[in-house]
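Student: Sequence lines, in order, name chains Y and L.
With the numbering used here, letter number 359 in the first sequence gets 359, and the count goes up by one each step, no holes.
With the numbering used here, letter number 166 in the second sequence gets 166, and the count goes up by one each step, no holes.
Here it is: the structure, laid out below.
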Amino acid sequence: MKLALQNILHDRGRFSVTVLGVSFAVFLMVFQGSLLAGFLQAASRLIDASDTDIWITARGVQAFEFGTALESRVREMAAGVPGVMQTSRVCMAFAVYRTPIGKQQVVALVGADPNVGKRFPVPDAPESAEKMSPDAVLYDVSDRKQIEVAALPAEVEINRHRASIEREIQGYGAFLGVPFLFTSYRNAIRYLDFRSDQAVYILLRTDRRYPLSQIQQSLKQKLPEVDVLTRDEFAHKSRMYWTIKTGAGGAILTAAVLGFLIGLVVVSQTIYANTMENLEEYATLKALGAPQAFVARIVLAQALICGAVGSVLGLLAVVPSINYAKSLIPWIHAPWWLPAAMVVPSLAMCSLASIVSVRSALTVEPGRVFRA
Amino acid sequence: MPNLFLGVEGASVTFGQQDARVCALRDVSLSFEKGTLSLVTGPSGSGKTTLLSMLGCLLSPDEGSVFVDGVAVNGLSEAERTVIRQKKISFVFQAFRLFHSLSALDNVALGFEIRDPAAPGRKELALDLLLQFGLGDKLQQEPNELSPGEKQRVAIARALAGNPPILLADEPTASLDAEAGRNICQILRREVDEQGRTVVVVSHDPRWEKFADRTITLCDGRVEEEVAVL
Chain Y
1 MKLALQNILH DRGRFSVTVL GVSFAVFLMV FQGSLLAGFL QAASRLIDAS DTDIWITARG
61 VQAFEFGTAL ESRVREMAAG VPGVMQTSRV CMAFAVYRTP IGKQQVVALV GADPNVGKRF
121 PVPDAPESAE KMSPDAVLYD VSDRKQIEVA ALPAEVEINR HRASIEREIQ GYGAFLGVPF
181 LFTSYRNAIR YLDFRSDQAV YILLRTDRRY PLSQIQQSLK QKLPEVDVLT RDEFAHKSRM
241 YWTIKTGAGG AILTAAVLGF LIGLVVVSQT IYANTMENLE EYATLKALGA PQAFVARIVL
301 AQALICGAVG SVLGLLAVVP SINYAKSLIP WIHAPWWLPA AMVVPSLAMC SLASIVSVRS
361 ALTVEPGRVF RA
Chain L
1 MPNLFLGVEG ASVTFGQQDA RVCALRDVSL SFEKGTLSLV TGPSGSGKTT LLSMLGCLLS
61 PDEGSVFVDG VAVNGLSEAE RTVIRQKKIS FVFQAFRLFH SLSALDNVAL GFEIRDPAAP
121 GRKELALDLL LQFGLGDKLQ QEPNELSPGE KQRVAIARAL AGNPPILLAD EPTASLDAEA
181 GRNICQILRR EVDEQGRTVV VVSHDPRWEK FADRTITLCD GRVEEEVAVL
C-alpha cells in the first residue's frame with residue numbers, strides 16, 4: 001500500500017490531473033442530477049405539500065398546473081363514500097395580475113382550504129404561526145422581481161379584483177415561468193369567478209381503518225367521470241408529464257443522463273491513463289514474483305485514493321455552485337443522497353477502470369522487464 | 001537430462017508470425033549448477049534475454065523443458081510460476097527498475113514484502129542488506145538521487161531480499177562506470193561463494209569473464225561455445 005501512496009505523492013502533477021478529471025466528473029454528475037431532481041420535485045411540489053390521501057381530478061388531467069373545474073356534486077358524492085373522513089378543495093387557474101405600478105402579467109393563482117396540509121401554502125392554515133387575513137395573497141421570494149411590490153402589505157389587482165399581497169414564502173417559486181400566487185379557497189374562487197363550491201381538485205383524507213385501495217376503488221365506481229388518484233400516483237403522473245412529455249423536461253432528463261455517462265467515461269479514462277503510466281512498475285512487481293492480487297491491490301488503492309480525493313473536491317465545488325445557481329434557477333435541488341449516489345458509481349468506475357488497465361500489467365509481455 | 005537444478009532441455013522459442021517469424025532459440029540445452037556464476041554472452045539477437053526469460057519463468061518455450069530447482073516449470077500455470085519466482089528467483093536489470101517513488105530502504109523492504117507479505121521486521125532486514133552494500137548513508141534517498149552504481153547496489157539488495165537461491169542478471173554493469181561495474185561483479189561473486197547462490201549473468205561486458213565459473217556464448221539462438229573456468 002505504501003507504493004500506491006508514494007506513487008501518488010511523488011507524481012503530484014499527474015495526481016493533480018487525475019484528481020481534476022474525477023472532480024470535474026463528480027461536479028458534472030451532481031450538478032446535472034440536481035437539475036433533474038429539482039425539476040422532478042418542482043413538478044409535483046404542491047401535490048406533495050398536501051397531506052391528504054386521495055386527489056380527485058377531472059378526467060385526463062396530466063399535471064397540477066393543467067386541471068379543469070369539477071362539478072360541485074363530486075365533492076358531496078365523495079364525502080359519502082365509506083372511509084372518507086374529510087374533504088378539501090383546491091382551485092388553480094391562470095389569472096391577470098396588475099402590479100401596484102399598473103404593469104400587467106399572467107400569474108398562476110392557487111387557492112386551497114386550510115385543511116389541505118400543513119406544508120401547503122395557504123394564508124389561513126390553522127398551524128400558521130403568523131396570523132393573516134384569510135384574504136391575504138402570498139408569493140414566493142424568488143418571484144419578487146415579477147411581483148414588483150415595494151413593501152408588504154401591497155394592494156394589487158387579480159382579474160380586476162382588489163387583493164392584498166401580505167407575505168413572502170419560500171420553496172414554491174415559479175416553475176412554469178409565471179409566478180404562483182397563493183390564497184385561500186374562498187378568496188381564489190372570487191378572483192377566478194368560480195361558482196361557490198366549485199373546485200379544480202377535491203382532496204380526501206381517509207380513515208386508516210379502511211384500506212386506501214378499497215376507498216379508491218369505491219370512489220372510481222361512484223365517480224366514473226373523474227380520475228381518482230392517490231397523492232403519490234398524481235405526483236408521479238405530474239412528474240412524468242413534465243419530464244417526458246415536455247421539451248424542457250426531456251432536455252433536462254437527457255442532459256442528466258448524458259452528464260452521468262460523460263462523468264463515468266471521464267473517470268474511467270482518467271484512471272485508466274493514470275494506471276497505464278505506471279505499467280512498467282507493475283510489470284517489475286510481477287517479474288519480482290508479486291502475486292496478481294498484490295499488484296491489483298496497489299493499482300486499486302491508487303485508483304480509489306485518486307477517486308476519493310477527486311470526489312471530495314468535486315463535492316466541495318458543486319455545493320456552493322448549486323447554492324449560487326439557486327438564485328438563477330430557484331427549483332434546482334440537491335437531495336442529501338444525490339452526492340453519495342454519484343460518488344459511489346464514480347468510485348466503482350475508478351475501480352473498474354484500474355482493473356481493466358491493470359490487466360495489461362498482469363499479463364506482462366515476457367522480456368519487457370529486461371528492456372533498458 | 002532429468003532433475004536439473006536450473007536449466008533448459010531442447011528449448012526452442014519463436015516470436016512473430018509468418019514472414020515476421022523469428023526463431024530466438026533453437027533446441028538449446030543448458031544446465032546451471034547450484035552455487036555457480038555463469039556468464040551468458042553473445043551478439044544482440046542471439047537469444048540471451050530469451051534464455052533468461054525462460055529461466056525466470058517469464059516465458060515458456062514452444063518446445064522443450066525448463067527446470068527450476070529440479071522442477072519442470074513449463075507446464076505450470078501462471079500462478080504457479082509466479083510462486084516459483086516469488087520463492088526461488090530474483091532479477092537484476094540493466095535499467096535497475098527501482099520504484100521511483102520509494103526510498104532505497106523502502107525499495108528493499110518491498111522486496112521482502114513481495115517474498116513474504118506476513119514476515120515481520122522488513123525494514124530492519126532491508127537496513128541490514130543496505131548496510132552490507134555500503135549504502136548506510138543513502139537509506140532515505142530516492143532512486144533519482146543515487147548514482148548508477150548505487151542504484152544497482154540497491155537493486156541487488158532488493159533482489160537478495162528473502163534469500164532466493166537463484167539470481168538472474170541482465171546486463172547488470174552495462175550502465176555503470178568501470179569501478180562501479182567491478183564492484184557489482186564482486187558483490188555477485190561473493191553471493192555465489194559465501195551464500196551458495198546460483199547466478200546467471202547475461203552481459204557483453206568482458207569484465208565478467210574473470211568472475212564467472214563458466215562462459216556460454218550464444219549465436220543465432222544456438223549455443224556456440226561453453227567454456228568452463230577451472
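All C-beta atoms, glycine included, are put in the ideal place defined by N, C-alpha and C.
1) CA-CA distance, Y:S327 and Y:S142?
2) Could you tell me the distance, in whole angstroms, from the CA atom of L:A11 to the CA atom of Y:A287?
3) For Y:V107 and Y:V178, which I take to be in contact (beta-carbon distance under 8 Å), what is that distance rounded to the nearest angstrom?
4) Whose C-beta lies closer than 6 Å to the C-beta of Y:A69 among residues of the same chain, with five residues either side of it excluded?
5) Taking Cβ-Cβ distances below 8 Å as the criterion, which residues of the region 269-291 of chain Y are in contact with chain L?
6) Does the distance between the C-beta of L:C23 and the nearest non-hydrogen atom of the ligand FMN fall short of 7 Å?
7) Which runs of the alpha helix (DSSP H) at least 4 residues long sit entirely within the region 12-66 of chain Y? Give them in chain order.
8) With distances taken from CA atoms, which of Y:L152, Y:R160 and Y:F175 is nearest Y:E168?
9) Need the endpoints of the alpha helix (DSSP H) that Y:I305 sits in, please.
10) Let me know the beta strand (DSSP E) ranges lying completely inside the region 108-164 of chain Y, each 3 residues or longer, listed in chain order.
11) Quick one, which of L:L129, L:A95, L:V73 and L:F67 has its alpha-carbon nearest L:D170's?
12) If you follow the alpha helix (DSSP H) that L:E191 is in, where does it begin and where does it stop?
13) What's the gap between the Cα of Y:G21 and the Cα of Y:V358?
14) Between Y:V116 and the rest of its own chain, which residues show a CB-CB distance below 7 Å, the 5 nearest in sequence each way excluded?
15) Find out if the Cβ-Cβ distance for the pair Y:Q32, Y:G314 is shorter than 8 Å.
16) Quick check: what's the CA-CA separation for Y:F194 versus Y:A78?
17) Between L:P148 and L:I89, is the Cβ-Cβ spacing less than 8 Å?
18) Listing by chain order, which chain Y residues have their CB less than 9 Å from the CB of L:T82?
19) Listing by chain order, which chain Y residues have their CB less than 7 Å from the CB of L:R97?
20) Within 8 Å, do at least three Cβ pairs link the region 38-51 of chain L to the region 199-214 of chain L?
21) Please state the DSSP three-state secondary structure of Y:L204.
22) Check the Cβ of L:G111 against every Cβ in chain Y and list those closer than 8 Å, keeping chain order.
23) Please check if any C-beta of chain L sits within less than 8 Å of the C-beta of Y:Q302.
24) Under 8 Å, do Y:I262 and Y:C350 count as touching if we go by C-beta distance?
25) Could you tell me whether any Cβ in chain Y is nearer than 8 Å to the Cβ of L:F91?
26) For my contact list, Y:I56 and Y:V74 are in at a C-beta cut-off of 8 Å; report their separation, rounded to the angstrom.
27) Just curious, the beta strand (DSSP E) that L:L30 is in, first and last residue?
28) Would L:S38 count as contacting chain B if we go by Cβ distances under 8 Å?
29) To which residues of the same chain is Y:V19 closer than 8 Å at the C-beta, ignoring the five residues directly before and after it?
30) Between which two residues does the beta strand (DSSP E) containing L:L168 stretch?
31) For L:K138, I'd like the list of residues in its chain whose CB is within less than 7 Å of its CB, leaving aside the five on either flank, ordered along the chain.
32) With three or more beta-carbon pairs closer than 8 Å as the criterion, would you say the region 73-85 of chain L touches the region 281-298 of chain Y?
33) Go through its chain and collect everything with a Cβ distance to L:N144's Cβ below 8 Å, but skip five positions before and after it.
Tutor: Let's see:
1) 8 Å
2) 21 Å
3) 6 Å
4) Q198 and V200
5) E280, E281, T284, L285, K286, A287, L288, G289, A290 and P291
6) With respect to small molecules bound, the structure shown includes none, and the ligand FMN cannot be examined in it.
7) 12-43 and 45-49
8) Y:L152
9) Q292 to A325
10) 136-140 and 154-158
11) L:A95
12) A178 to Q195
13) 19 Å
14) S50, T52, S88, V90, V122 and L203
15) no
16) 20 Å
17) no
18) K286, G289, A290, P291 and Q292
19) T284 and V369
20) yes
21) strand
22) L288
23) no
24) no
25) yes
26) 6 Å
27) V22 to F32
28) Of the chains in the structure shown, none is chain B; the protein chains are Y and L.
29) C306, V309, G310 and L313
30) I166 to D170
31) A104, L146 and E150
32) yes
33) H100
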